[in-house]
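Reading through the structure tokens given below for one structure.
Residue numbers (UniProt numbering): 1 to 175.
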């Protein structure tokens, strides 16, 4: 079982996990605009595991930089599980990292609908298992966060980092 300090900031926990495993990370961000990457790089020594971050706010950026399909964007919109999944997989594959985390959502104060309210966030987590194991995967999580625009963005970062740490631990057999 992991004996890390549970009171440590989540970005430090993530850094310890990735360093211990010799793994790397890329980020793909829409509503958080680079804040996930900023939090990850707040940790001294992050260059040992953080490769790069993609900020893809517009539809065209998601398509051109990360390979998100036009069909998904057209059918589901940018704030959707399929787009979060494709953003995470695209970041992982383009950066050739072990892990990627992606965020897309509606920070507000405008832009929400009944189906997609302000505060809706999708997080994608992509894992590249060793070749030949057929154990690579991408998963998504949905959250509805409250608060003003800045608060939603900060909570989205926390949600993304928590999802990533949880998934790394799961792959590591800790959860």
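Glycine included, each C-beta is placed from N, C-alpha and C at the ideal position.
{"Item": "In terms of residue numbering, what span does the beta strand (DSSP E) encompassing residue 127 cover?", "Value": "120 to 127"}
{"Item": "Among 34, 148, 42, 66, whose alpha-carbon lies nearest the alpha-carbon of residue 96?", "Value": "66"}
{"Item": "Look at the Cβ atom of residue 25, then the Cβ atom of residue 106, and state whether they are nearer than 8 Å.", "Value": "no"}
{"Item": "So what does residue 135 bridge to, in DSSP terms?", "Value": "Paired residue(s): none; residue 135 is not in a bridge."}
{"Item": "Can you tell me whether residue 144 is buried or exposed? The criterion is at least 16 other CB atoms within 10 Å of its CB, across all chains shown.", "Value": "exposed"}
{"Item": "According to the Cβ coordinates, are residue 135 and residue 126 closer than 8 Å?", "Value": "no"}
{"Item": "Use the C-beta contact count for residue 45: other C-beta atoms within 10 angstroms, 16 or more gives buried, fewer gives exposed.", "Value": "exposed"}
{"Item": "Taking three-plus beta-carbon pairs below 8 Å as touching, is the stretch 153 to 161 in contact with the stretch 35 to 51?", "Value": "yes"}
{"Item": "Of all the options 173, 17, 58, which has the alpha carbon lying nearest to the alpha carbon of residue 40?", "Value": "17"}
{"Item": "Closest to residue 51 by CA distance: which of 93, 109, 80, 81 is it?", "Value": "93"}
{"Item": "Would you call residue 80 buried or exposed, if buried means 16 or more other Cβ atoms sit within 10 Å of its Cβ?", "Value": "buried"}
{"Item": "Residues in the same chain with beta-carbon distance under 6 Å from residue 142, minus the five sequence neighbours each way, listed in chain order, please.", "Value": "122"}
{"Item": "Go through its chain and collect everything with a Cβ distance to residue 11's Cβ below 7 Å, but skip five positions before and after it.", "Value": "39, 40, 42, 43, 161"}
{"Item": "Verify whether the separation of the beta carbon atoms of residue 53 and residue 68 is less than 8 Å.", "Value": "no"}
{"Item": "Quick one, are the C-beta atoms of residue 152 and residue 124 less than 8 Å apart?", "Value": "no"}
{"Item": "Rounded to whole angstroms, how far is the Cβ of residue 113 from the Cβ of residue 78, which I believe are closer than 8 Å?", "Value": "With 8 Å as the limit, residue 113 and residue 78 do not qualify as a contact, their Cβ atoms being about 13 Å apart."}
{"Item": "Let me check understanding here. Comparing Cα to Cα, which of 170, 110, 132 lies closest to residue 148?", "Value": "110"}
{"Item": "Out of 131, 168, 22, which has the shortest C-alpha to C-alpha gap to residue 101?", "Value": "168"}
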